[in-house]
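Worksheet: the structure to be examined is printed underneath.
Chains as they are written, first to last, in this note's numbering: chain Y, 298 to 444; chain H, 52 to 703; chain R, 51 to 389.
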């Protein structure tokens with residue numbers, strides 16, 4: 298029942314869960330900027346969820362420190378399917394300036410399948426929205442495969 | 052034949068008690084005697100429902116055949132009108148369920164025969180009290196039940212505080228019993244008779260200082276039996292220490308005997324007293340008990356003590372409703388008294404089940420038992436919903452009638468005080484809900500502590516007793532019309548029909564020879580509408596519809612996608628794993644902000660911080676007031692007695 | 051034959067109007083309008099008005115995770131019971147002239163039926179075993195406690211006012227309250243009822259748990275509180291009951307204080323034949339009810355959401371038991387002395 302409706306809706310109501318994996322707080326602020334009146338991602342249905350159980354898209358910022366790794370993985374695993382993982386900023390993709398540090402376990406793609414990378418240090422809100430829109434499309438595809 | 056049933060009902064309990072003393076060594080014999088001794092009176096009383104409740108008969112039994120001669124009742128009488136029978140039925144039902152429960156609950160205790168003996172003595176005492184038609188006989192029964200209850204409170208004397216609780220109960224209970232004796236003597240000196248019917252014919256014409264003070268004495272005496280404020284600390288201690296079935300008896304049965312005494316006294320013996328002021332006295336005391344005890348309950352962190360305070364709070368409802376002096380009010384109060392016996396019995400048995408399996412009733416230590424004891428949880432929820440007045444359970448049906456009665460009384464009398472009473476009732480009900488949410492979360496839901504991993508469901512016998520009470524809770528909630536028509540309204544009519552009562556005992560025309568007329572036109576009209584069956588049907592249809600939609604949209608199905616996605620992910624990510632590696636791990640753990648889930652129970656004592664913070668001065672005042680010292684409580688009793696006597700003198 | 055027809059008619063009441071389908075559509079729409087309004091008040095474009103529908107259907111398609119620590123049965127059953135009870139409650143609130151089920155529940159019963167959905171969320175949260183849910187349910191219960199006292203006073207004030215006017219002294223039937231207003235004008239036009247109406251306006255956001263009274267669901271401090279462990283379809287059901295609750299509370303306000311508007315509708319249609327007037331009247335009344343609900347949501351939910359910050363739970367309790375209770379108490383006392 299409602300199969301088509303559900304797939305349609307999946308694209309229109311992606312809820313975000315934000316994980317800070319040792320970020321310098323730059324990207325975190327930019328992510329919040331996306332939701333402010335100027336960019337207003339809520340017009341596309343984006344919403345910050347309080348708990349991973351309710352999220353569709355997990356946004357990871359920061360270079361994934363060794364301390365944060367098990368926590369990041371646990372939180373990601375608690376997000377119900379279908380889900381999308383978006384890395385935000387250069388840190389979770391490459392380690393950025395922290396690369397090579399003894400305390401860094403990243404990049405994140407070593408541990409989970411990452412769907413979208415939004416590069417930049419920090420990425421502009423426009424880029425973030427673009428990345429999230431892409432993630433939404435992937436989400437719809439994942440949902441569409443389900444049958 | 053029918054007239055012998057009341058005495059048989061009382062005697063069966065006592066006979067059972069003596070038989071168990073003699074033959075009680077053998078478990079089978081003991082249980083058989085216990086079962087019969089509680090089942091037989093129940094059956095006897097149920098057969099009386101038809102003539103007494105529906106036919107309006109009053110069954111009089113004169114011991115030794117000494118019927119009244121020359122207008123004086125010399126012999127000892129049992130008289131069963133609808134009011135007595137109503138309370139008798141409550142007693143018999145609760146006792147029966149408690150007995151069923153005791154068989155397995157008490158099987159690990161020493162001195163089992165003594166337990167059953169005391170148990171049946173207590174039952175016989177209460178049954179004798181409510182069926183008696185003689186004031187002195189009533190006093191004797193009060194003594195029997197008080198001492199049996201004291202002994203049962205201390206029955207598990209290895210439990211911390213059991214002896215202390217029993218001692219407190221003994222001291223204050225004795226003050227109460229002495230009050231009853233003193234009141235009885237004063238009435239005897241005035242009226243030269245102890246028979247209820249004759250007293251209620253003679254007293255209304257002879258109200259003087261002595262009789263009103265006697266009223267105050269008897270009233271305070273019965274208040275101690277019902278544990279009304281200021282006698283409430285006793286109940287908490289006694290319930291905390293006593294075995295669960297005994298708590299059922301003390302809360303469901305013994306307090307009812309106090310209520311019965313108060314209602315009988317106020318509406319039949321002293322029915323021409325200045326009703327407005329007596330009404331104020333009853334309603335005030337009831338509302339104070341209701342509110343003080345529910346707030347005390349919110350602050351408790353022991354399951355059974357919490358229930359004990361709620362028990363008094365509910366008794367407060369009954370007294371408030373009965374004090375309204377309207378037919379609807381009395382009927383609603385009696386309805387609530389019945390419901391209280393059922394749901395409080397059920398809740399105490401659930402607390403007993405928890406204690407039996409885990410060895411504690413401390414709300415701060417328990418948690419998550421719903422997975423280990425699912426049946427107990429469901430039964431507890433039925434009881435908790437009933438006591439909190441959630442529709443369609445029975446607590447709601449009676450509380451709803453009480454609100455109607457209180458507000459209607461206020462509108463009729465134009466007294467804004469009754470508005471406050473209505474609001475107090477409604478708020479108390481919500482506070483009750485709050486404290487049962489606390490118990491639900493702290494004991495049955497939340498997380499299971501490690502040491503209770505091996506807890507099992509209680510035995511079938513215990514569940515049967517709880518199930519019986521739960522079933523009655525649901526039935527009496529769903530069919531309020533039947534309950535009011537066949538049980539509470541006849542009883543309320545009996546309350547307002549003293550002449551019929553007098554004439555049935557003393558011969559036709561006796562009441563009229565004293566120039567007495569019946570009090571009020573009896574009307575059970577209420578402004579509200581509530582039809583639980585229709586509501587339940589609607590809910591069921593709606594639930595069915597919602598469930599069909601839910602199931603067809605794969606509610607509660609781990610999607611196939613989840614599995615394939617997990618497999619695909621595992622294959623796609625080839626890199627080395629770190630720590631607890633695989634993302635699938637921890638999926639079904641609780642969310643702890645990403646941390647590993649650890650034992651962390653939210654519950655117990657301080658759950659409603661937001662509420663208690665605003666009432667902190669009140670709570671600290673109450674905390675200081677309840678010192679736990681028996682001298683203080685005895686002092687309260689004396690002060691209450693003095694106030695009651697003073698009030699009685701003023702209103703005369 | 052008539053029995054079958056009656057059965058079908060009642061089934062239609064339950065499932066379509068004013069039951070499930072109506073609740074679903076209007077409740078979700080109200081929610082969407084609320085979100086749009088808040089966004090506009092904050093100079094944002096805001097989500098489409100149909101956003102709650104998208105959210106709902108998306109959640110239906112998500113995986114449902116039941117935590118290992120949870121009591122599975124209660125966890126999954128609680129949302130369904132809550133929704134059913136919420137929708138059934140809506141059946142008892144008259145839409146001006148139209149009342150599908152009179153004689154089942156009066157105002158006091160409705161007060162208690164309002165507790166059942168709240169209780170089902172609480173039980174569901176408790177059964178999940180999450181400490182966030184534990185904190186959330188503790189706060190939710192305190193919120194319920196806070197709101198209950200003023201709500202009782204509001205209902206008693208209305209019952210007394212209408213009762214005085216009808217000569218019975220008190221009137222608990224919602225149908226009679228609405229009919230009285232249809233005949234004699236809305237209660238909101240009485241000075242003595244204004245404080246009660248103001249109190250009711252403040253009760254609506256408290257009951258529905260919206261800003262600034264959303265301590266129980268504070269997503270930024272306790273991770274959605276009671277719903278922390280809910281995902282997928284059960285969460286969708288909770289969102290739906292929340293939306294229906296918005297409809298229930300606002301239409302309860304309309305029934306209590308604005309029932310007189312139904313009288314105006316009928317005078318407009320006085321030229322038509324009775325059957326046509328009945329049908330058109332019903333449609334008009336539903337539209338008017340919906341519009342009034344939207345206005346109420348705009349005033350007491352969206353506006354408050356946009357201009358206030360969240361209260362701590364003990365501030366919330368204090369606010370309700372002093373300010374809002376005070377307002378309602380003024381009305382009760384005035385009504386009591388027949389003003």
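We treat Cβ as the ideally placed atom computed from N, Cα and C, and that holds for glycine.
Out of curiosity, what's the CA-to-CA distance linking residue 71(H) and residue 516(H)? 21 Å
CB contact check: residue 198(R) to chain H, cutoff 7 Å: Using a Cβ-Cβ cut-off of 7 Å, residue 198(R) counts as an interface residue toward chain H, since at least one Cβ of chain H sits closer than that to its own.
Is there a C-beta anywhere in chain R that falls below 7 Å from the one on residue 398(Y)? For residue 398(Y), the answer is no, since every Cβ of chain R falls outside 7 Å of its Cβ.
Among residues of its own chain, excluding the 5 on either side of residue 90(R), which ones have a beta-carbon nearer than 8 Å to its beta-carbon? 96
Looking at residue 404(H): is its Cβ nearer than 7 Å to the Cβ of residue 286(H)? no
Would you say residue 241(H) and residue 124(H) are within 7 Å of each other, going by their C-beta atoms? no
Could you tell me whether any Cβ in chain R is nearer than 7 Å to the Cβ of residue 307(Y)? Yes, because at least one Cβ of chain R sits closer than 7 Å to the Cβ of residue 307(Y).
Based on DSSP bridge pairs, tell me the residues matched to residue 177(R). In the DSSP output, where bridge partners are listed per residue, residue 177(R) has none listed.
What are the start and end residues of each continuous beta strand (DSSP E) run of 3 or more residues lying completely inside the region 162 to 217 of chain R, in chain order? none
Exposure label - residue 350(Y); buried when at least 16 CB within 10 Å: buried
Between the CA atoms of residue 426(H) and residue 690(H) - distance to the nearest angstrom: 46 Å
Member of 410(H), 435(H), 369(H) whose CA lies at the smallest distance from the CA of residue 454(H): Looking at the Cα atoms, 369(H) is the closest of the given residues.
Just to make sure I have the definition right: I need the residues of chain Y whose C-beta is within less than 9 Å of the C-beta of residue 105(R). Which are they? Ordered by position in chain Y, the residues that pass the 9 Å Cβ test against residue 105(R) are 306, 309, 310, 312, 342, 344.
Nearest chain Y C-beta to residue 642(H) closer than 7 Å, yes or no? yes
Best match in 219(R), 171(R), 166(R) for proximity to residue 590(H) [C-alpha to C-alpha]: Among 219(R), 171(R), 166(R), the Cα nearest to that of residue 590(H) belongs to 166(R).
With H, G and I counted as helix, E and B as strand and the rest as coil, what does DSSP make of residue 280(R)? Assignment of residue 280(R) by DSSP, reduced to helix, strand and coil, places it in the coil class.
Does DSSP put residue 385(Y) in a helix, in a strand, or in coil? strand
Can a CB atom of chain R be found closer than 7 Å to the CB of residue 365(Y)? No, residue 365(Y) does not count as interfacial toward chain R.
Nearest neighbour of residue 398(R), chosen from 351(R), 314(R), 159(R), 111(R) [CA to CA]: In the structure as shown, chain R begins at 51 and stops at 389. Residue 398(R) is therefore absent and cannot be evaluated.
Identify each residue in the region 255 to 272 of chain R for which the Cβ-Cβ distance to at least one residue of chain H is less than 9 Å, and report them in chain order. 265
Assign residue 65(H) to one of three DSSP states: helix, strand, or coil. helix
Exposed or buried, which one is residue 288(R) when buried takes at least 16 other CB atoms within 10 Å? buried
Identify, in the order they occur along the chain, each residue of the same chain with its Cβ nearer than 7 Å to the Cβ of residue 692(H), setting aside the five sequence neighbours on each side. 230, 271
Beta-carbon spacing of residue 363(R), residue 661(H) below 7 Å: yes
Cα-Cα separation, residue 305(Y) to residue 434(H): 46 Å
With DSSP as the reference, label residue 183(H) as helix, strand or coil. DSSP places residue 183(H) in strand when its eight states are reduced to three.
Counting contacts by CB-CB distance shorter than 7 Å, is residue 125(R) in contact with chain H? no
Assumed close pair residue 342(R), residue 304(R) - CB separation to whole angstroms, cut-off 8 Å: 5 Å
Between which two residues does the beta strand (DSSP E) harbouring residue 646(H) extend? Boundaries cannot be given for residue 646(H), as no beta strand (DSSP E) includes it and DSSP labels it neither H nor E.
Could you name the residues of the same chain whose beta carbon sits closer than 7 Å to that of residue 369(R), not counting the 5 residues immediately before and after it, in chain order? 361
Is it true that the region 455 to 467 of chain H meets the region 392 to 401 of chain H, where meeting means three or more beta-carbon pairs spaced less than 8 Å apart? no
If you draw a straight line from the C-alpha of residue 371(Y) to the C-alpha of residue 271(R), how long is it? Going by the C-alpha atoms only, they are around 20 Å apart.
Hey, how far is the Cα of residue 254(H) from the Cα of residue 545(H)? 18 Å
Using a Cβ-Cβ cut-off of less than 8 Å, give me the residues of the region 65 to 93 of chain R that come near chain H, in sequence order. 65, 69, 70
Secondary structure at residue 413(H), three-state DSSP: helix, strand or coil? Correct three-state label for residue 413(H): strand.
Can you tell me whether residue 603(H) is buried or exposed, with buried defined as 16 or more other CB within 10 angstroms of its CB? exposed
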